[in-house]
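For the sequence shown, our numbering gives the first residue as 6, with consecutive numbering after it.
Structure first, commentary second.
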Amino acid sequence: MPSAFQLRDVVAGAPDDPILQGVTVDVPCGGVTAIAGPSGAGKSSLLRLLNRLTDPIAGQVMWEEQPLGEMQPCDLRRRVGMVFQRPPVFVGTVFDNLRVADPAIDESAGREALERVGLDAELLHRTARDLSGGEAQRMCFARALLTGPEVLLADEPTSSLDGAARETIEALGRRLADDGMPTIWVSHDVAQLRRLADHVIVLVDGKVVATGTVNELDQHTDPQVRALVGTP
Numbered sequence: 006m007p008s009a010f011q012l013r014d015v016v017a018g019a020p021d022d023p024i025l026q027g028v029t030v031d032v033p034c035g036g037v038t039a040i041a042g043p044s045g046a047g048k049s050s051l052l053r054l055l056n057r058l059t060d061p062i063a064g065q066v067m068w069e070e071q072p073l074g075e076m077q078p079c080d081l082r083r084r085v086g087m088v089f090q091r092p093p094v095f096v097g098t099v100f101d102n103l104r105v106a107d108p109a110i111d112e113s114a115g116r117e118a119l120e121r122v123g124l125d126a127e128l129l130h131r132t133a134r135d136l137s138g139g140e141a142q143r144m145c146f147a148r149a150l151l152t153g154p155e156v157l158l159a160d161e162p163t164s165s166l167d168g169a170a171r172e173t174i175e176a177l178g179r180r181l182a183d184d185g186m187p188t189i190w191v192s193h194d195v196a197q198l199r200r201l202a203d204h205v206i207v208l209v210d211g212k213v214v215a216t217g218t219v220n221e222l223d224q225h226t227d228p229q230v231r232a233l234v235g236t237p
């Protein structure tokens, strides 16, 4: 499969204590790519490089062969959307929160944005901070999608949610990927990884130690890799 992002010899973090150490990897341009690894491995740091929330201190990150350093961060972030572990909810209504992404949207577009992520359109004028955790996270997906991104980054988007809300967000991520939007998903939940991922990048101590499908990694010779993908 062609790659969406290409990382070449990437070092990121503090110069005297880098989090990512010489990472070279291609991120596929379709489906759900999961970034797996133990706590502190650099999963979120890698994800944040892909829309320039941080920049590498060495090496190069490219999107479709174009160096990200040549792209304006604001323009890039409209094309590479991101949702976070804890959904950032702003003061005001759900509609006010959606208009952070697109101040020009009208109520009809706002309702459509909510329905796209499985929320009741009648929530549009509810106070955003009255939403449940799962509703707030879906609102943040809706907000990220309003810029018309070509890729979606998700940094542990279900880690603070209960089981039902987690399943809803997983289903949303799967549907977006199946509809043609590459989704790059950081997860420490190996059961979720096995349910969701088409491709997995495994990080340990800031280095990529394995890539492949879940089935391929189940056959990996390194027992640590097999443990990190939940091999039975």
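Note that CB positions come from ideal geometry on N, CA and C, so glycine has one too.
Taking one C-beta from the stretch 70-80 and one from the stretch 123-143 each time, how about it: are there three or more such pairs within less than 8 angstroms?
-> no
Residues bridged to arginine 134 (per DSSP) = None, per the DSSP bridge assignment.
Helix, strand or coil: how does DSSP classify proline 78 here?
-> helix
Identity of the residue in Ala215, Asp227, Gly211, Thr216 nearest proline 23 by Cα | Gly211
Check whether the Cβ atoms of glycine 86 and leucine 157 lie closer than 9 angstroms to each other.
-> yes
Check glycine 86 in the structure and name its three-state DSSP category.
-> strand
Leucine 124 versus threonine 226 - alpha carbon distance = 44 angstroms
Just the C-alpha distance for leucine 163 and phenylalanine 89, rounded to the nearest angstrom, thanks.
-> Here residue 163 turns out to be threonine, not leucine, going by the sequence shown. Cα to Cα, the separation comes out at about 9 angstroms.
Boundaries (first-last residue) of the beta strand (DSSP E) holding alanine 170 | DSSP places alanine 170 outside any beta strand (DSSP E); the residue lies instead in the alpha helix (DSSP H), whose first and last residues are 168-183.
Smallest Cα separation from alanine 39: which of Ile206, Leu233, Pro78?
-> Selected option, being the one with the closest Cα: Ile206.
DSSP bridge partner residues for lysine 212 (one or two, in chain order) | Val209
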